[in-house]
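One structure is given below, encoded as structure tokens.
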Amino acid sequence: MVKVANDPPLPEGDLPAAGRVVDPEPEVSGISLRLIAGLAATAHGVVRADARRLDVSVDSTTQLRSALRDAAGGARLTHRLVLADAAALADQDGDAATLREVVAALDAAGAAGLVVSGTSGTVLAALVAAAESTGLPLIDVPLDHIATFTTEVLSAILEHQTAILRRLEDADRALVQIVLAGGSLDDLCEQVVGFLDGAAMVTTTDGRVIARAGSQRELDHALSLECFDRTGRLLTEAEPMGPRPDGPTANRSAVRIVAGHLDHGVLMAFCSHRHLTVDDVRLLERAATVAALAITKDQAVSAVESKYRAEFLRDALAGRAGSPVDAVAHASSLGWDIDRPMVVVVAETDEDDDRSSRDADEVRFLQQRFARAWTHAVAVRDSRSPVMGFSREVVALIGVPAEAETDQVMRIVGEYVRVVRGDGGGGRRSFSAGVSRPIRSVAGLPHAYDEALSAVTVGRQMHGDGALTHVDGLGIYRLLALIPDGADLRRFVTESLRELATDDSPEYAGLRQTLSILIDTNMNVAETARLLFFHYNTLRYRIGKLEKILGPFTTDPDLRLTLALALKIHQMRGI
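First residue of the sequence shown: 35, per my numbering; consecutive thereafter.
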């Protein structure tokens, strides 16, 4: 049976709870057991270990008695090298069964390895057999060399940890200096690359890259990894944070940028030619703390600037920004160019924040993040285009070619929408967007803004969440959207479509579809049959059934117009 040293009891409250990890994660890593095995070889020792177990890190040594006591109390012996001389082993009675229990207890507690000295014969044989059974690395050092060996191991650990701490302190000073000097997140990434090599990136919480540094080769390698989607968004929802075990993803690591209870994004390092160590990750964590400071400072400054920018843009959209010359000059002082052909884009999240279960602070944070997503997407492609987030919407003035047709405008806006959406995931909220007709003067902003508002509102009613709608695509829906959704509108639909206004029968939806296509094809029966994949006689039967319900719409153009409007309202309002 394993014997634990009978030391004085610990004060109450310091007793380790069973199963609790007592050893904290070391501030810095130690040296590898492989290096210690090399030192043992020079001391005429014998190393018995699987090669894969030699890559473990060792940051301290402990005597066998202390190790067994800690293990019995529930502590982990991770990263600790256990030392045992003949006297310590004699305390365990020296029989094979007990020694097997000792080795098994050390291995179960996560010890890096066991160093023995002054043993031979049956004791050593029992230890070797137990080590081979459990896989715990065993190092046998001659008694006359153990003192030198132990000193060399401790010196190597101390030198390594001193160098790592000095590296972390140098990184702290350099990174903090960047913030104090007013440097950007790109400058911070550049400094991280200087310490870690490879590439570094800062992303938002949903994975949009907002800063990066590194050689082009390293950046290209990073962006080719599976952790990025096809739009270049980091898949933050799937990417683990912190240190990683050796494997296919060990050449990159990510840490969160957190200030207080707010999550500002992710700092990630990549290296194509080596694995990132635990010490590299700790340096990355310190850089993330500095990044949080830089982001918080930038947000404070941006909040003040945004107030004035938002007030001006709101005035311009309402036609209160003064003469066109004054408005253009004021916009230019804010870094915007509005003296060119533009379209107004209004983007709104599809979630109804008034009925949301989220608290007010979370809703405000999500809206700010949505606005930042648009700001970043537009700034990368056209830094002088105005973009502002208001309480319920984001408004962007997007430059377009002077003679751009609707299709070209929608391709341009669609690219911005694609970037903001990414491939979904990462906490991104679904949103719809409306696009105005192009304008060539600031004087046209109020009307264009109204068009974009109508497009986003009606587009969502027509096509559902996530719609991207140009005002020219609304057609008659623009007029229908002006009518309040009241009892009169519902009565009109019910009186016009009669029972087809309901879904009381499974066939009513199919009959509405048939009626809609008949009207769209100007009562062309052959074309309608082709579109619906119906036999001609089947369609004639359906037409007869529709006329029994609705009246002679095939010969009455006024009735057809009434039915067409009722179908549009039914589709748009879901009545």
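Every residue, glycine too, gets a C-beta built ideally from N, C-alpha and C. Note that the structure is predicted; figures quoted are calculated from it, not measured.
key: C-beta atoms of residue 158 and residue 174 nearer than 8 Å   = yes
request  = Measure from the alpha carbon of residue 254 to the alpha carbon of each residue in 242, 272, 240, 234, then state which is nearest.
outcome  = 234
Local Cβ density within 10 Å of residue 142, reported as buried at 16 or more and exposed below that = exposed
inquiry  = Looking at the strands, I want to know which residues DSSP matches up with residue 348.
reply    = Looking at the DSSP assignment, residue 348 forms no beta bridge with any residue, so it has no partner.
key: Straight-line gap, residue 408 to residue 454 (C-alpha atoms, nearest Å)   = 6 Å
task = Please state whether DSSP places residue 371 in a helix, a strand or coil.
result = coil
query = Where do the ends of the beta strand (DSSP E) carrying residue 497 lie?
reply = Run containing residue 497: none in the beta strand (DSSP E); it sits in the alpha helix (DSSP H), 479 to 497.
ask   = In whole angstroms, what separates the C-alpha of residue 55 from that of residue 433?
value = In this prediction, residue 55 scores a pLDDT of 41, lower than 50, which makes its location untrustworthy; the coordinate-derived value is nonetheless stated afterwards. Rounded to whole angstroms, residue 55 to residue 433 spans 59 Å at the Cα level.
key: the stretch 359 to 375 in contact with the stretch 395 to 412 per 3-pair CB rule at 8 Å   = no
ask   = To the nearest angstrom, how far is it from the Cα of residue 266 to the Cα of residue 238?
value = 12 Å
ask   = Three-state secondary structure (DSSP) at residue 580?
value = helix
task = Determine the DSSP secondary structure at residue 386, reduced to helix, strand or coil.
result = coil
Exposure label - residue 285; buried when at least 16 CB within 10 Å = buried
request  = Identify which residue in 287, 277, 281 has its Cα closest to the Cα of residue 269.
outcome  = 287
query = Excluding the five sequence neighbours on either side, which residues of its own chain have a C-beta within less than 8 Å of the C-beta of residue 585, listed in chain order?
reply = 593
message = Spatial neighbours of residue 570 within its chain, please: C-beta separation below 6 Å, excluding the five flanking residues on both sides.
response = 563
task = Verify whether the separation of the beta carbon atoms of residue 505 and residue 469 is less than 8 Å.
result = yes
inquiry  = Going by beta-carbon coordinates alone, are residue 199 and residue 328 separated by less than 8 Å?
reply    = no
ask   = Using DSSP with H/G/I as helix, E/B as strand and the rest coil, what is residue 266?
value = coil
message = Rounding to the nearest angstrom, what Cα-Cα distance links residue 475 and residue 275 in this structure?
response = 49 Å
ask   = Do the stretch 315 to 323 and the stretch 350 to 361 make contact, defined as three or more Cβ pairs closer than 8 Å?
value = no
key: Burial state of residue 460 (16 or more Cβ within 10 Å)   = Residue placement at residue 460 cannot be trusted, given a pLDDT of 48 that sits under 50; what the coordinates show is reported in the next sentence. With 16 or more other Cβ atoms within 10 Å, it is buried.
task = Could you please give the first and the last residue of the uninterrupted alpha helix (DSSP H) stretch that includes residue 448?
result = 440 to 455
ask   = With C-beta atoms as the reference, is residue 184 less than 8 Å away from residue 95?
value = yes
message = Which same chain residues end up closer than 8 Å to residue 134 when comparing Cβ atoms and leaving out the 5 residues on each side of it in sequence?
response = 160, 163, 164, 167
key: Beta-carbon contacts of residue 663 that lie in its chain and below 7 Å, excluding the five residues immediately before and after   = The chain is shown from 35 up to 609; residue 663 falls before or after that span and cannot be answered.
ask   = From which residue to which residue does the alpha helix (DSSP H) around residue 395 run?
value = 394 to 415
task = For residue 195, count neighbouring Cβ atoms within 10 angstroms of its own Cβ and tell me buried if that reaches 16, exposed if not.
result = buried
query = Expressed to the nearest angstrom, what Euclidean distance is found between the alpha-carbon atoms of residue 89 and residue 82?
reply = 14 Å
task = Quick one: measure Cβ to Cβ for residue 428 and residue 421, integer angstroms, because I've assumed they're closer than 8 Å.
result = 7 Å
inquiry  = So, under 8 Å CB-CB, residue 222 and residue 324 are touching, yes? Tell me the CB distance rounded to an integer number of Å.
reply    = 6 Å
task = Report the option in 600, 193, 553 whose CA atom is closest to the CA atom of residue 577.
result = 553
Counted within 10 angstroms of its Cβ, other Cβ atoms place residue 417 as buried (16 or more) or exposed = exposed
task = Using a threshold of 8 Å, state whether the C-beta atoms of residue 380 and residue 236 are closer than that.
result = no
ask   = With a cut-off of 8 Å, do at least 3 Cβ pairs link the stretch 525 to 532 to the stretch 587 to 601?
value = yes
Coarse secondary structure for residue 179, derived from DSSP in three states = helix
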